[in-house]
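Written out below as structure tokens is the structure these notes cover.
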Amino acid sequence: MAAQEHTSKSGFETRAIHAGYDPDPTTGAVIPPIFATSTYKQDGVGGLRGGYEYSRSGNPTRTALEGNIAALEEGERGFAFASGLAAEDTLVRGLLAPGDHVVFPNDAYGGTFRLFDKVERLWGIDHTPVGHAPEDVRAAIRPGTTKMVWVETPTNPLLNIVDIEAVAAVAHEAGALLVVDNTFASPYLQQPLTLGADVVVHSTTKYCGGHSDVVGGAVVVRDLDLAERIAFHHNAMGAVAGPFDSWLTLRGLRTLALRMERHSENAERVVEFLTRHPAVSHVYYPGLPDHPGHEVAARQMRRFGGMVSFRVTGGEAQALAVCERAEVFTLGESLGGVESLIEHPGRMTHASVAGTELEVPSDLVRLSVGIETADDLIGDLDRALHGAAAPDSLTR
Ligand SMILES: *Cc1c(COP(=O)(O)O)cnc(C)c1O
Numbered sequence: 048m049a050a051q052e053h054t055s056k057s058g059f060e061t062r063a064i065h066a067g068y069d070p071d072p073t074t075g076a077v078i079p080p081i082f083a084t085s086t087y088k089q090d091g092v093g094g095l096r097g098g099y100e101y102s103r104s105g106n107p108t109r110t111a112l113e114g115n116i117a118a119l120e121e122g123e124r125g126f127a128f129a130s131g132l133a134a135e136d137t138l139v140r141g142l143l144a145p146g147d148h149v150v151f152p153n154d155a156y157g158g159t160f161r162l163f164d165k166v167e168r169l170w171g172i173d174h175t176p177v178g179h180a181p182e183d184v185r186a187a188i189r190p191g192t193t194k195m196v197w198v199e200t201p202t203n204p205l206l207n208i209v210d211i212e213a214v215a216a217v218a219h220e221a222g223a224l225l226v227v228d229n230t231f232a233s234p235y236l237q238q239p240l241t242l243g244a245d246v247v248v249h250s251t252t253k254y255c256g257g258h259s260d261v262v263g264g265a266v267v268v269r270d271l272d273l274a275e276r277i278a279f280h281h282n283a284m285g286a287v288a289g290p291f292d293s294w295l296t297l298r299g300l301r302t303l304a305l306r307m308e309r310h311s312e313n314a315e316r317v318v319e320f321l322t323r324h325p326a327v328s329h330v331y332y333p334g335l336p337d338h339p340g341h342e343v344a345a346r347q348m349r350r351f352g353g354m355v356s357f358r359v360t361g362g363e364a365q366a367l368a369v370c371e372r373a374e375v376f377t378l379g380e381s382l383g384g385v386e387s388l389i390e391h392p393g394r395m396t397h398a399s400v401a402g403t404e405l406e407v408p409s410d411l412v413r414l415s416v417g418i419e420t421a422d423d424l425i426g427d428l429d430r431a432l433h434g435a436a437a438p439d440s441l442t443r
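With positions in the sequence shown counted from 1, the corresponding number in the numbering used here is that position plus 47.
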């Protein structure tokens, strides 16, 4: 697409604003319309205007989003899906076959683990959960049958860091594709395709959309043959993003750079507070110098992002109480929106992995640090940790 080529060498923020769409030639509209149409008039049989024939196969609003996210990830082609999990399923069942094996992180997003464990396995696609070191990945590879290495970095909810370059080398040695779930970092903080990954997958529900108002997923690749295979399954399996969802996600991406800067800044302030708090026993944040993945994160990420997890001294009961007492932090699942969220992974987002090797500590609290005033966020956590209720004035 012309707009994307035009801006492919521009800075991230310029691409975020301009890539994927040129102002409409007939009206000059600077923002792509929501093309709420399922089909397109043909000028004679097969005479397509702009290549559109049916909106599962293609829709101009979705095309704008796909061009934009591809440019942000420095990839060649992007695909927008109805959800992150729809994107993941299309990748796994579209690119793999029964008998294939996937190496997979042992603290992955719970829904991703459930997809592999409860769905893909029934289709004959097996997986092995492993640790984050390249050696762990290498040891789990089954020569000839491991066709995909899947990583998240930072991981959810323990914020472990995977060295993308090193794991890409291990995957490629074995002839496997490296897929990176880049949801936690977003393309602003980290661009896995530039580090050797073959496929980037997103839950755009999170930072890309950024306003907790839309569920979506995306896939971006560089290799054009791989893109063709994904394009086929995108259409053939049909889990595509609708035009309104695409429009909302694209609007979110325009401000991704600004939001990620503030998310990271606020998270750093919150981490500084938590590490000194007597009721907090451990803080997980890749920006901390004693975090085991700090050096790799500093190398492959622009900043350390807005996700913070911590453990409390008082066990599960205190972790639950902190989640329930917070007022500025909203108790809820999901992440990556402008508003701060707090949750108890063991009972909420990661309840589906209880009793498996992915089980998370019961005294763990996860924060998605939003872009509110940092002092308000810290004050809220301080009260929640001390067991005091928030004054009404703060949340009114
Ligand atoms: C939310 C999430 C997903 C799943 O995406 P949905 O949009 O909820 O389907 C996958 N990976 C990570 C890291 C997530 O946070």
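From the three backbone atoms N, C-alpha and C, an ideal C-beta is built for every residue, glycine too.
- For T108 against F82, the beta-carbon gap comes to about 5 Å, under 8 Å, which counts as contact.
- The way I'd put it, the stretch 291 to 304 doesn't touch the stretch 151 to 161; fewer than three beta-carbon pairs between them come closer than 8 Å.
- If one requires a minimum length of 4 residues, the alpha helix (DSSP H) runs lying completely within the stretch 245 to 287 are 271 to 284, in chain order.
- Within 10 angstroms of the beta-carbon of I78 lie fewer than 16 other beta-carbons, which makes it exposed.
- Taking 7 Å as the cut-off, one finds no heavy atom of ligand 1 near enough to the beta carbon of E120.
- In the three-state reduction of the DSSP assignment, S399 falls in the helix class.
- The DSSP assignment places 157 to 161, 181 to 187 as complete runs of the alpha helix (DSSP H) inside the stretch 150 to 216, in order along the chain (cut-off: 4 residues).
- Annotation for A127: no alpha helix (DSSP H) segment contains it, though the beta strand (DSSP E) segment containing it runs 124 to 128.
- Counting of Cβ neighbours within 10 angstroms places F151 among the buried residues, the total reaching 16 or more.
- In the three-state scheme derived from DSSP, where H, G and I count as helix and E and B as strand, V327 is classed as strand.
- DSSP, read as helix, strand or coil, puts E60 in helix.
- By the criterion of a C-beta distance shorter than 8 Å, W170 is surrounded in its chain by R140, P145, once the five residues flanking it on both sides are discounted.
- Within the same chain, Cβ atoms closer than 7 Å to the Cβ of V214 are found at P181, V184, V196, V198, L225, the five residues on either side in sequence being excluded.
- Taking V246 as reference, the option from L138, A345, A373 with the minimal CA-CA separation is L138.
- Within 10 angstroms of the beta-carbon of R323 lie fewer than 16 other beta-carbons, which makes it exposed.
- Using a Cβ distance threshold of 8 Å, F351 and P333 count as a contacting pair.
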